[in-house]
Amino acid sequence: MGLTVESRADPVHTDLVVVTLTGEVDVATAGRLRDHLAALIARGARHLVLDFAGVAFIDSSGLSVLAGIHRLLSAPERPGPGEGAAGSGAGSGEEGARADGSGEGARASGTLALAAVNLRIREVLRTTGFTRFVPIYSTVEPAVAVHQTTVPRTGP
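Count along the sequence shown from 1, then add 18; that gives the number in our numbering.
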C-alpha cells in the first residue's frame with residue numbers, strides 16, 4: 019500500500035512538528051519514514067507528534083524506527099561548535115543526527131508522541147512496551163496542547 023508522510027510545524031512553537039502518516043509502516047516504508055523524521059530533527063524539530071489516524075498497519079521495522087526516533091529525541095543535548103568542550107569536534111549537531119540515537123553531535127532533548135492510533139496498533143504498542151515511554155493521545159489536538167503548555171515559545 020505504501021506510506022504518505024506530511025509534516026507541518028507549529029506556528030508558535032517552531033520546534034514542534036506534527037507528522038501525518040497515511041498507509042502502512044512496514045519494511046518497505048520504514049526507511050523513508052526514518053529519513054524524514056531524522057531530517058526534521060536535523061533542521062531543529064525537537065518535539066514530534068505522529069498522527070496515526072491514517073495508519074492501518076505497523077511491523078517490527080516501523081517499531082524500530084519509532085524506538086530510534088524516541089531515543090534520538092530523548093538523548094541529552096550535546097554541545098555544538100563553540101558551546102562546550104573545546105576541540106570536541108562535535109559538529110553542528112545536524113550532520114550526525116541519526117534515527118538510532120547514536121549520531122555524534124546529535125542535539126535533541128525533545129519528545130515523541132503518537133496520536134489517533136487505532137486499537138490494533140495500540141495493542142501492539144502496549145504489548146511491546148512502547149506505551150511506557152511514548153505517550154499516545156486520542157487525537158493530535160491534545161498532544162499539541164500538552165506540548166504548548168509545557169514548553170516555552172520558540173517562534174517569533
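By construction, the Cβ of each residue, glycine as well, lies at the ideal position given by its N, Cα and C atoms.
Since this is a predicted model, take the numbers as computed values, not measurements.
* To do: Taking only runs that begin and end inside the segment 47–89, name each unbroken alpha helix (DSSP H) of 4 or more residues, in chain order.
  => 48–60
* Sort out for me which residues DSSP pairs I154 with in a bridge. => L132
* Which value, in whole angstroms, describes the spacing of the CA atoms of V152 and S82? -> 13 Å
* To do: Going by CA-CA distance only, name the one from M19, T22, L21 and V37 that's closest to E159.
  => V37
* If M19 and G49 are in contact, beta carbons under 8 Å, what's the gap, nearest whole angstrom? -> Rounded, the Cβ-Cβ distance is 16 Å, inconsistent with contact.
* **F70 vs L132 beta-carbon contact at 7 Å** => yes
* Asked: If you run the structure through DSSP and keep just helix, strand and coil, what is V164?
  -> helix
* Using three-state DSSP, classify S127 as helix, strand or coil. => coil
* Which value, in whole angstroms, describes the spacing of the CA atoms of S188 and I154? -> Since the displayed the chain opens at 19 and closes at 174, residue 188 lies outside it and no answer follows.
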